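Asks:
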Amino acid sequence: MPEGDTIHKIKNFLAPRLSGQVIDDMLFADAAAARRCIGRRVRDVSARGKHLFIELDHGYAIRSHLGMLGSWHRYAPGGDWQRPRKQLSLSLSTADWEYVCFNAKEVELVRVPSVRERILHGRLGPDLIGDETEPDYLARRARDILDEDALLIDALLDQRVASGIGNVYKSEIMFIEKRSPETRLAAIDDAALGRCFELAADLLRRNLGGGRRITRFENDAASKLWVYGRSELPCLRCDTRISSRRMGRHHRGTYWCPACQSPPNSN
Ligand SMILES: [Zn+2]
Numbered sequence: 024m025p026e027g028d029t030i031h032k033i034k035n036f037l038a039p040r041l042s043g044q045v046i047d048d049m050l051f052a053d054a055a056a057a058r059r060c061i062g063r064r065v066r067d068v069s070a071r072g073k074h075l076f077i078e079l080d081h082g083y084a085i086r087s088h089l090g091m092l093g094s095w096h097r098y099a100p101g102g103d104w105q106r107p108r109k110q111l112s113l114s115l116s117t118a119d120w121e122y123v124c125f126n127a128k129e130v131e132l133v134r135v136p137s138v139r140e141r142i143l144h145g146r147l148g149p150d151l152i153g154d155e156t157e158p159d160y161l162a163r164r165a166r167d168i169l170d171e172d173a174l175l176i177d178a179l180l181d182q183r184v185a186s187g188i189g190n191v192y193k194s195e196i197m198f199i200e201k202r203s204p205e206t207r208l209a210a211i212d213d214a215a216l217g218r219c220f221e222l223a224a225d226l227l228r229r230n231l232g233g234g235r236r237i238t239r240f241e242n243d244a245a246s247k248l249w250v251y252g253r254s255e256l257p258c259l260r261c262d263t264r265i266s267s268r269r270m271g272r273h274h275r276g277t278y279w280c281p282a283c284q285s286p287p288n289s290n
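Structure, rendered in structure tokens:
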């Protein structure tokens, strides 16, 4: 069973052989991730706990966790594998060798935080009310701190990215920006991601005066919030019933309109 020490042995084998090599080809179930890696150079191979990181020169790393059954093999190009193809998790071809990972528990492409982000890691992000922060910077920060498969709602609540957004604003921002609560960072571009934080800063500042929290500034008697706390009530834009469910890393109550905020794959 691969434990931390096994991973270090694999790291000690792979690091001097892979470092500096260009990935000529990559077989991986996530074809988009594979395309991102082909042609990139390996910067470093490192082990942390039971995880092996193959860091590339474009700010991404291939993270593998071997679980109970995983292994890494090295073959000459075109050589016969010792395991069936269906057990393939990932293969990396360089000029001289093919490195093949079989039966891994997890393999994924992750963002490598920059040195600056590592220094700031664990601290609070810029304050959305007090600090003047460029939306672009907050978008980059969200991607540096969180994986691309993280939910946007978790990025909004993550105080390491930016501090100030609470659970009420989270649902309201998602509604105003017409984003499904299932939206992941990978499915939103930097401009749109930055806009969410810009909107958050605007809402937070407009609510500094005290009194009831307002995200809906219509001059009528209806709710001052679009969706939060309005489960089963009609959407104030389209009359569809508002949905709610506990979601995200911390299972926080999340409210949305299924019509106004359609899922990412139907856009
Ligand atoms: Zn609606």
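FYI, my numbering numbers position 172 of the sequence shown as 195, with every residue one higher than the one before it. Cβ coordinates follow ideal geometry from the N, Cα and C atoms, glycine included. Note that the structure is a prediction, hence the values are computed from the model and not measured.
Let me have the residue list for ligand 3: C-beta closer than 6 Å to any non-hydrogen atom, ordered along the chain.
Replies: Of the ligands this structure carries, namely ligand 1, none is ligand 3.
Asks: Less than 7 Å between the beta carbons of Lys193 and Leu180, yes or no?
Replies: Yes. Within cutoff.
Asks: Would you grab the beta carbon distance between Arg71 and Asp80 for me? Rounded to a whole angstrom, and I think it's under 8 Å.
Replies: Not really, about 20 Å apart at Cβ, beyond 8 Å.
Asks: Pop quiz: Leu208 and Glu171 are said to be a contact at Cβ under 8 Å. What is the actual Cβ separation, rounded to whole angstroms?
Replies: Yes, they are in contact, since the Cβ atoms of Leu208 and Glu171 sit about 5 Å apart, within 8 Å.
Asks: Could you tell me which of Tyr122, Asp243, Ile211, Lys128 sits nearest to Ala165, measuring between CA atoms?
Replies: Of the candidates Tyr122, Asp243, Ile211, Lys128, the one whose C-alpha sits nearest the C-alpha of Ala165 is Ile211.
Asks: Would you tell me roughly how many angstroms separate the C-alpha atoms of Ala223 and Ala244, rounded to the nearest one?
Replies: Approximately 24 Å between the Cα atoms of the pair.
Asks: Along the chain, where does the beta strand (DSSP E) that runs through Phe220 open and close?
Replies: Where Phe220 is concerned, there is no enclosing beta strand (DSSP E), although the alpha helix (DSSP H) it sits in stretches over 213-229.
Asks: Report the residue from Ser116, Val130, Thr117 whose alpha carbon sits nearest the alpha carbon of Gly93.
Replies: Comparing Cα positions, the closest option is Val130.
Asks: Three-state secondary structure (DSSP) at Cys280?
Replies: Residue state, collapsed to three classes: coil.
Asks: Could you spell out the range, first to last residue, of the alpha helix (DSSP H) harbouring Ile199?
Replies: From DSSP, the alpha helix (DSSP H) with Ile199 extends over 190-199.
Asks: When you compare the segment 228-240 with the segment 269-287, are there three or more beta-carbon pairs, one atom per stretch, that lie closer than 8 Å?
Replies: Cβ pair count under 8 Å is below three, so no.
Asks: With distances taken Cα to Cα, identify the nearest neighbour of Arg108 among Ile237, Ala178, Phe51.
Replies: That would be Phe51, whose Cα lies nearest to the Cα of Arg108.
Asks: Would you decide whether Asp177 is buried or exposed? Buried here means 16 or more other CB atoms lie within 10 Å of its CB.
Replies: It is buried - the Cβ of Asp177 has at least 16 other Cβ atoms within 10 Å.
Asks: Using DSSP with H/G/I as helix, E/B as strand and the rest coil, what is His273?
Replies: Correct three-state label for His273: coil.
Asks: Give me, in chain order, the residues of the same chain whose beta-carbon lies closer than 8 Å to that of Ile152; leave out the 5 immediate sequence neighbours on both sides.
Replies: Answer for Ile152: Gly187, Ala224, Leu227, Arg228, Leu231, listed in chain order.
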